[in-house]
Every structure is written in structure tokens, then in C-alpha cells.
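If you're matching positions, the sequence shown starts at -19 in the numbering used here and goes up one per residue.
C-beta atoms are modelled at their ideal positions from N, C-alpha and C, and glycine is treated no differently.
These figures come from a predicted structure and were not determined experimentally.
Heads up: the structure comes next, in C-alpha cells.
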Amino acid sequence: MSDCQLIFCVLLSIQFGAVVDGARGTFSQSDDDKFQMLIAGGIVPEHGVFVRNLVSIRTLNYISFHGDNHFCTGVITSSRTILTAAHCVTDNHKSIMHPRGLMVIFGALKRLERYNEDESRRVHKIVVHPHYRRYEINDVAILQLTTVIPANLRHVKPVIKRKRLAVTEGMKCVTMGWGQVYPHGPYADEVMFLDVIIRPPQHCKKQKYFKKEGNICTEPINEGQVCPGDLGGPLICQSYMAGIIGASMGCQGINSIKFINFSYVEDWVEKTVLALSANRCKISLLFYFPFVTHIIF
């Protein structure tokens, strides 16, 4: 790693979650070209800067028009790696999708807008957490891109890793995504944000697959849900990564939303990102490590 540069970068707040109702991330069953709708209960940010941490994960080819092939959300963790939910890229039997059939779009506020060539990358490799349990814990995967994200894109930044501080009950956080406006409905065109508050584990006891170990329980501050299309999006608390939107059996959020606890998987994420970058001298690792006080070359 002598040639790999560790960079400090900024992240912001975010909204929306995800769930997938089928084998993997699902596509909208409505015609997107007939809607310019927003996420239920979500808000449009005054500035588009919040989207700089996110990517839209898509199949290579759109169905009828640009953007209708979006199925999950991801988070930029380095110049060549994306963090998302394992549920997005596996089926019921944990078989992994072929990476060459996927691409990511970054720096785009609107899903249906055409993107420039330098705002997209194809996926080279997919690594799923070895102890992933569908709907429950370790629902994370890393996508390695074929080439690095350009360093000169000011509107694209990696997410800051969670501080080594406890995520405590009552803390206000935010999540985001391009998910469905309502169950089986059209996906939101613009990235939408949803404010949530951290709740004790017992608040999520009615959720069938909630696990105190490995999950974070939250409640929407205002009305809002997370649905297909949001899966893999981040939970941001005090501008730091706290969780990832994991899968559930349907839209969730009326009373509670569960996230994969990032602190529970962060060691695996760090090691995987470093391993995927080890032989790529020009890859800049963009995680912020609290113990690093200078740039390493």
C-alpha cells in the first residue's frame, strides 16, 4: 500500500431505507415515466450535496427509459468500492449475481436524468459478508468497480466512517434513497431524506427478523417508510455512518425501521476494502480512520 493514499472526506445526512420483497432488489411495477413522485414522508433537500455519498445500483440495460433499471442504493467507501446490502445482490439461496451485469451511477440527484460517462462505473467483483443471514444480520456486501471514481468530481464523496462513539437512544439520525413511493409503486425520481430517532431494541420487537445483536432500531420522526429501491442506503448519525438499510419482508417504517449496525460489520468492511485495494496502487482509500493523523503514501 505504499502508493495508496488515505484521504479524509466528508459525509452528510441521509434518508430512506429499503426492503426487498422478492429474490433481490425489486423493480417498480408502475411506469416511471408517468410519475415524478417523492418518497412517502420524505423531504427534498435544499441542496443536492447530500447525494454525493450515494450511488444508484442498476442493471446494465434500462427497460424502457433511463433510470428504470435502478433497484438498490449503495454508499461510496473508497475510490473503487461501494458498500450495499447483501440482499441486493443475492437470491434466496445466497447465490451472488454476476457482477458484470451491474453498474453504479454516482453524483446524480435525479434517477431519471441521463448521466455522463464519468458518472458511471461497471462492477468488477462482489464480496458478500461470509456470515450473512438473510433478513437478519451481516446483510452487507462490497462492490468493486472496474475502474476508480474520478478524484476531481466535487459532487462525489465517500462516507465518513462511524466514530467510536455509542449510538444512543434518542439520537436523531437520517437515511436516504430512491425507493418506492408506496408498496409496489413507482420509485422516487429525486433522492429523498427521512429523519429517524434511535429507539431501544424492544421498540422493534414486533419486527420478525429484528436481532438486538447486529441491528439498530429506529422510529421515523415524521410519517415515512423505507421500501424497495432504498435497500443498501446508509443511516447517518451526527454526520457519521451508523448503519445500513437491511432487507425486510416489505415496506417498513410506520412505527419502526431496523438497520444493520455498522459497528457490528465495520472490521469486515475495512478489511475487505483494503484487500480489494491492495494490488491497485492508484486506489485512494477514503475511509476515515480516527487513529490516522496524517496522509500515508
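| request: Say whether the stretch 164 to 182 touches the stretch 130 to 140, bearing in mind that this needs 3 or more beta-carbon pairs closer than 8 Å, one atom from each stretch. | output: Of all C-beta pairs linking the stretch 164 to 182 to the stretch 130 to 140, fewer than three are shorter than 8 Å, placing the two stretches out of contact.
| said: Bridge partners for S241 per DSSP, in chain order? | reply: As written in the sequence, residue 241 is Asn, which differs from the Ser given in the question. Residue pairing for N241: DSSP places it in a beta bridge opposite G223.
| DSSP three-state assignment for P302, whether helix, strand or coil | Here the chain has residues from -19 to 277 only, and residue 302 is not among them.
| task | State the start and end residues of the unbroken beta strand (DSSP E) segment that holds H104. | result | Per DSSP, H104 belongs to the beta strand (DSSP E) from 100 to 108.
| request: Starting from T148, follow the beta strand (DSSP E) in both directions and report where the run begins and ends. | output: Element bounds for T148: n/a, residue is neither H nor E.
| When you compare each of R32, S100, F239, A227 to C52 by their alpha carbons, which one comes out closest? | A227
| said: Just to confirm my understanding: we take F190, look at its own chain, exclude 5 residues before and 5 after, and list those with CB closer than 6 Å. What are they? | reply: Cβ neighbours of F190 beyond the five flanking positions: C184, K238.
| task | Report, in whole angstroms, the separation of the C-beta atoms of I106 and M77, which I expect to be a contact under 8 Å. | result | 7 Å
| field | Start and end residues, beta strand (DSSP E) containing C197 | value | Residue range 195 to 200 is occupied by the beta strand (DSSP E) that includes C197.
| task | Closer than 7 Å by C-beta to V147: which residues in its own chain qualify, once you throw out the five before and the five after it? Chain order, please. | result | I178, I196, C217, A222
| N118, buried or exposed, once every other Cβ within 10 Å from all chains shown has been counted against 16 | buried
| task | Specify the secondary structure class of L(-14) as computed by DSSP and reduced to three states. | result | For L(-14), the predicted model reports a pLDDT of 37, less than 50, meaning its position is unreliable and no value from the coordinates is stated.
| request: For F173, count neighbouring C-beta atoms within 10 Å of its own C-beta (all shown protein chains included) and say buried if the count is 16 or more, exposed if not. | output: When all chains shown are included, F173 counts as buried.
| request: With a cut-off of 8 Å on the beta carbons, I'd call A88 and E97 a contact; round off their distance for me. | output: Not confirmed; about 13 Å, so no contact.
| message | Rounding to the nearest angstrom, what Cα-Cα distance links R114 and V108 in this structure? | response | 12 Å
| request: Let me know if I234 comes out buried or exposed under the rule of 16 or more other beta-carbons within 10 Å of its beta-carbon. | output: exposed
| message | With H, G and I counted as helix, E and B as strand and the rest as coil, what does DSSP make of R114? | response | coil
| Mapping DSSP to helix, strand and coil, what is R94? | coil
| said: Rounded to the nearest angstrom, what separates V84 and Q205 at their Cα positions? | reply: 24 Å
| How many Å lie between S59 and P180 at the Cα? | 35 Å
| By DSSP, does P138 sit in helix, in strand, or in coil? | Coil.
| query | For H46 versus L82, is the C-beta distance shorter than 9 Å? | reply | no
| said: Between K74, D169, H104, I240, which has its C-alpha nearest S257's C-alpha? | reply: H104
| query | For the candidate residues K74, R94, S75, whose alpha-carbon lies nearest to that of H50? | reply | R94
| task | Look at the alpha carbon of K186 and the alpha carbon of P200, and state the distance between them as a whole number of angstroms. | result | 16 Å
| field | Beta-carbon separation (whole angstroms), V55 vs I62, contact threshold 8 Å | value | 7 Å
| query | For V35 versus M156, is the C-beta distance shorter than 9 Å? | reply | no
| request: Measure the beta-carbon distance from V176 to T57 and round it to whole angstroms, keeping in mind my assumption that it falls under 8 Å. | output: Not confirmed; about 22 Å, so no contact.
| request: Quickly, what does DSSP pair F86 with across the bridge? List them, please. | output: Under DSSP, F86 takes part in a beta bridge, and its partners are V35.
| Residue from C153, I225, H111 with nearest C-alpha to S219 | When each option's Cα is compared against that of S219, the closest is C153.
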